[in-house]
Amino acid sequence: MGGKKELTRKVKQEANRLGFPLVGVTSPDPPDRLDSFQDWLSKGYHASMDWIAAERSLEKRSDPRAILPECKSILILGSPYPAPKGNLKGGNIASYALNQDYHEVLTEKLKCLVDFLEEKVGHPVPNRWYTDTGPILERELAMRAGLGWIGKNTTLINKEIGSYFFLAEILLGIELVTDPPITESFCGSCTRCLDTCPTGALREPYTLDANRCISYLTIEHKKEIPLDLRPLMGDWIYGCDICQIVCPWNKPGAEAQHILEELQPRTELLDVNLVADLDLSQEEFSNRFKGSPIKRAKRRGYLRNVAVVLGNLKDSAALPALVTALEDQEPLIRSHAAWALGEIGGGNIQELLTETLLGEENPRVKEEILRALDNLSKSNPAG
Ligand code: SF4
Ligand code: SF4
């Protein structure tokens, strides 16, 4: 027992040193609340993220030993990222996405931690690690490892640090001393996240409907953004932090001292120029977001989001860029540019849209142009 205890202490100390101020250990037993996860899936709240519901992935989620049969313990780690600093210039980007891709940064650290452990025990240890990407119910396991509780906004909340941190886990074929679980929520009677979510994506406490969540819509969703949700996106071009910003457990500066240098925001990403971004070529997009989580949205998704936000901001300075975007090679971008033009209007936009309609062949884009024209004629019957 002494050896196990000492090894656990050393591994935790090394995890802290590597940039994980939050670290806990749990057993490889199946997660407790599998039923609510199945229920969430059966309601279709995972939207188009089919990989979450794939049978093979369900099997793994329901039993960590299906991922690593030799698993004897699971290390759960948390590494903070900077809290949002208020609206960025231009459009808003979720705080976690403003730095170098955390998958790359943290994977390197996890590898170092496994090397450290193997060196301490003097032999290879079967292992498997994930940073938010694996078929594992990481927040459930993190609660069981004592890192925090799952809040009504569905993020993991730690009493000291709040919820601005990345989770990572290492399944290990060696036994470590487990930590006492957190078995209750400390949200109390608070409902701020539910009350302020602009799209009503938090259907009820602890239940997120991804179909309505701005985070999902701007990142994972690959098609048109539903019409009724576009105005509710406000100025979010990638992700959304609202349900975390309003959470009283996110106290100013609580996470600041623990943030890895590599996870500090990239200054060039803080300066968003929506009009210029709408004109990004594929090459420019790839260069601008090289090594950033934002590349996940791909150019077509990102420019679609930018068009929606420009429509929401109703700034006529964006009209020329939106008119140019009507000729983009991607129908998804053309259709959202048409929508935004219909929201802003003014000048000769109706004429331009009518002209574009004549040359447009894609039925979805045509539909959007017609809708935009209809919108403009309602708001300006004389135009
Ligand atoms: Fe709502 Fe935004 Fe939170 Fe999604 S991320 S649940 S849209 S507040
Ligand atoms: Fe819980 Fe309130 Fe934070 Fe929502 S805002 S997660 S209800 S403490």
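Each residue of the sequence shown is one higher than the last, beginning at 0 in numbering that gives the first Met the number 0.
Ideal Cβ placement from N, Cα and C applies to all residues, glycine included.
Remember, predicted model here, so these are calculated numbers, not experimental data.
Taking C-beta atoms under 8 Å as the contact rule, residue 151 and residue 205 qualify, at a distance of about 6 Å. Any heavy atom of ligand 2 within less than 5 Å of a residue's beta carbon puts that residue on the list, which reads 150, 151, 152, 186, 189, 191, 192 and 246. In the structure shown, residue 272 falls within a coil segment according to DSSP collapsed to helix, strand and coil. Taking C-beta atoms as the reference points, residue 357 and residue 78 fail to come closer than 8 Å. Restricted to the region 286-350, the alpha helix (DSSP H) segments that are unbroken, complete and at least 4 residues in length are 297-312, 318-324 and 330-343, listed in chain order. Residue 364 and residue 279 have their C-alpha atoms some 20 Å from each other. Between the region 142-151 and the region 190-203 there are three or more inter-stretch CB-CB distances shorter than 8 Å, so the stretches are counted as touching.
Looking at the DSSP output, residue 24 sits in a beta bridge with 74. Three or more pairs of CB atoms, one per stretch, sit closer than 8 Å, so the region 89-109 contacts the region 224-238.
For ligand 1, a non-hydrogen atom lies closer than 7 Å to the CB of residue 200. The region 103-123 makes no contact with the region 196-213; the number of CB pairs closer than 8 Å stays below 3. With a contact defined as Cβ atoms closer than 8 Å, residue 248 and residue 161 qualify at about 5 Å. According to the DSSP assignment, residue 215 belongs to no beta strand (DSSP E) but to the alpha helix (DSSP H) extending over 213-218. Burial is judged here by how many other beta carbons sit within 10 angstroms of a residue's own beta carbon; residue 265 has fewer than 16 and is exposed.
Comparing C-alpha distances from residue 262 to each of 176, 147 and 291 shows the shortest one belongs to 291.
Cβ atoms of residue 287 and residue 331 stay farther apart than 8 Å, at about 19 Å.
By the Cβ criterion, the region 169-178 is not in contact with the region 216-227, since fewer than three pairs of Cβ atoms, one from each stretch, lie closer than 8 Å.
Within the same chain, 311 come within 7 Å of residue 230 by CB-CB distance, once the 5 residues on both sides are set aside.
Not a single heavy atom of ligand 1 lies less than 7 Å from the C-beta of residue 319.
Residue 202: member of the beta strand (DSSP E) spanning 201-203, first to last residue. Within a 10 Å sphere around the beta-carbon of residue 194 sit fewer than 16 other beta-carbons, which makes this residue exposed. Using a Cβ-Cβ distance cut-off of 8 Å, the region 50-69 and the region 24-37 are in contact, since at least three pairs of beta carbons, one from each stretch, lie closer than that value. Looking at the DSSP output, residue 155 sits in a beta bridge with 149.
Cα atoms of residue 273 and residue 351: separation of roughly 21 Å, rounded to the nearest angstrom. Between residue 319 and residue 124, the alpha-carbon positions lie close to 59 Å from each other. Under the 10 Å beta carbon count, residue 9 is surrounded by fewer than 16 other beta carbons and is classified as exposed. Scanning the region 65-145 from its first residue to its last, the whole beta strand (DSSP E) runs of 3-plus residues come out as 72-79 and 126-129. For residue 175, there is no enclosing alpha helix (DSSP H), as DSSP marks it with neither H nor E. The C-alpha of residue 81 is placed about 22 Å away from the C-alpha of residue 23.
In the three-state reduction of the DSSP assignment, residue 183 falls in the coil class. 8 Å or more divides the Cβ of residue 315 from the Cβ of residue 367.
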